[in-house]
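Take a look at the structure below.
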Amino acid sequence: MKNQLGLALLLITLPTLLIGQIAVERNFGLELAEKDSITSANIEHSLNAFLSEAQAYEYSENYSDSNHRNQYDFFFRKIAAIGKNSEDYHQPIVLKSYPTGNGNYRLAVGFTGEKEGNPFIFQITEFKAVPYQDHYRFYCTFEENTAALHQQSVDNVTYHYSQSFQKETAQEFVTFSQEFAQLTNGPKPTLDYYSFKSLDELLKAYGFLYSARQCNFLCYDLGFTENNGATYITGTDNENYIYEYILNYIYYYLPNSDDVYWPYVNGISTYYGGYAITYDNMDKLKSQFREQLKSTPDIDFYEEFNKGRKSAVARHFSYYVMSAFLFEEVLQQKGFESAFQLAYTGNDGNRFFDVLDQTIGVNRDNFHETIVSLIKADS
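Read left to right, the sequence shown gives residues 307 to 685 (the numbering used here).
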C-alpha cells in the first residue's frame, strides 16, 4: 500500500510532457544498478534522444538498429505512438534498471500522465540498452523474453509456445497455408509461428509489462506478421489463426500490394478463417445479418457497405462480412481465380464494383438485393 501511495504521489507531481523533446524523470525511490554517474547520465541522455525520435517517428541508426526495427516493427510502432501531440502525458519515469552483462542494461520505463484529471499509467515498457559508439542503442527484449518457449516444427512452420500445443490444429494451418499459396501462385514461406495464449502474454513478450493502450478487439494485436513476413505472431491461443494470416501473406508475399482492396481481403479472411477473434463462420454471420434485416427492415446494405468501419452487425464490420458473402458467391459461380481478382481493384476500391459487375452481374443498383438473397439462401 505504501508503494502504491508513493507512486500515486509521484504521478501527481511529475511535470507535463514537453512535445517534441523527451526528458526522462529518474524515480529516485528505487535503487538503480548503474552506480557510476557517468554511465547513468549517458543512459539517460541516450534514452531521451531515442524516445524523442520515437515520438516524431523518425528513428535513426544512432539510437536503434534498422534491422532490429524491421524485425520487431510492432514494438517500435507502439513506442512511437506514446505521448504524441498530447498534454495528458508526463515525462517518462525510469522505474528500474540493472546490468545484464557485456555493458548492457535492461530498463523498465513508465509512461504516465492524467486521465479525466486523475493520475493514470498508460504503459510500462522494458528496453534493452546496448553500448554503441559513445552512447547507447535501445532494443526490444522479445528475443530474451521468448528464449524459454517450447518449439515444434510442422513441415515449413516452426511453432513457439509456452504451454500446450495442439499438433492437429497446427497441421490444419500448415495445410491451409500451403494450399492458399498454391491457389495464389505464391511461395510457400518458412514461417516462425508464435502462438501466445493471450494478448497479455503477447504484449509481455515484447516487453510491454503493462499496457492500457491495447484491447482484445484490435486485430493488429491479435495476429500480425513481422520480419518481412517470416514471423507470424498471434495472441489467440490458436495454432490455426487464419484471419490475419491471409492479409499478411498477400501483403508480404504476393505482388502489387499497393493495388489491393483490403476490405475485400478481410472478406476472404472471414470466409476461410471466421471473423477475427470470434471465429464466427459464414452460417452464423448470415444469421446475424438476417436478424439485422429483421430488426431494421429499411436498412440498405449498399449504404452500409459504403460506411466502412462506421457500420457494424453483431460487432463485425459490415463491409468485411458482406465482402465474405460476395467472395463465397463468386467462388461458387466462377472459381477462385475470378473471386481472388476482386482483391486487386485499387487501394480505395475504385474498380471494385466494375469488376464485380463484369464477373457476376452485381452492381451498385442491385447490391442490396444481392446481399439479401445471399443471407437468405441458407435460412
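C-beta atoms are modelled at their ideal positions from N, C-alpha and C, and glycine is treated no differently.
With a beta-carbon spacing of about 5 Å, residue 545 and residue 501 fall inside the 8 Å limit used to define contacts. The beta-carbon distance between residue 534 and residue 354, rounded to whole angstroms, is 31 Å. This is too long to meet the 8 Å contact definition. Look at residue 410 here: in three-state DSSP terms it is strand. Out of 491, 605, 541, the CA that lies nearest to the CA of residue 559 is found in 491. The straight-line gap separating the alpha-carbon atoms of residue 667 and residue 644 is approximately 13 Å. Judged by DSSP secondary structure, residue 548 falls outside any alpha helix (DSSP H); it is assigned neither H nor E. Between residue 618 and residue 624, the C-beta spacing is below 8 Å. The beta carbons of residue 628 and residue 659 sit about 12 Å from each other, so the pair does not count as a contact at 8 Å. Note: residue 427 is bridge-paired with 418 in the DSSP secondary-structure output. Separation of the CB atoms of residue 632 and residue 579 is rounded to 17 Å, and the pair is thereby denied contact status at 8 Å.
A residue is called buried when at least 16 other Cβ atoms come within 10 angstroms of its Cβ; residue 351 does not meet this threshold and is exposed. Note on residue 384: 16 or more other CB atoms within 10 angstroms of its CB, so buried under the neighbour-count rule.
Shown here, residue 637 sits in a helix according to DSSP, grouped into three states. Per DSSP, residue 602 lies in no alpha helix (DSSP H) and is assigned neither H nor E.
Of all alpha-carbon atoms in 387, 471, 443, the one lying nearest the alpha-carbon of residue 428 is that of 387. Per DSSP, the unbroken alpha helix (DSSP H) holding residue 678 starts and ends at 673-682. In this structure, the alpha-carbon of residue 634 lies about 7 Å from that of residue 577. Looking at 437, 564, 493, 514, the one whose alpha-carbon comes closest to that of residue 536 is 493. In this structure, residue 394 lies near residue 420, with their beta-carbon atoms less than 8 Å apart. Distance from the CA atom of residue 457 to the CA atom of residue 541, rounded to whole angstroms, is 16 Å. With a beta-carbon spacing of about 30 Å, residue 507 and residue 563 fall beyond the 8 Å limit used to define contacts. A Cβ-Cβ contact shorter than 8 Å links residue 661 with residue 647.
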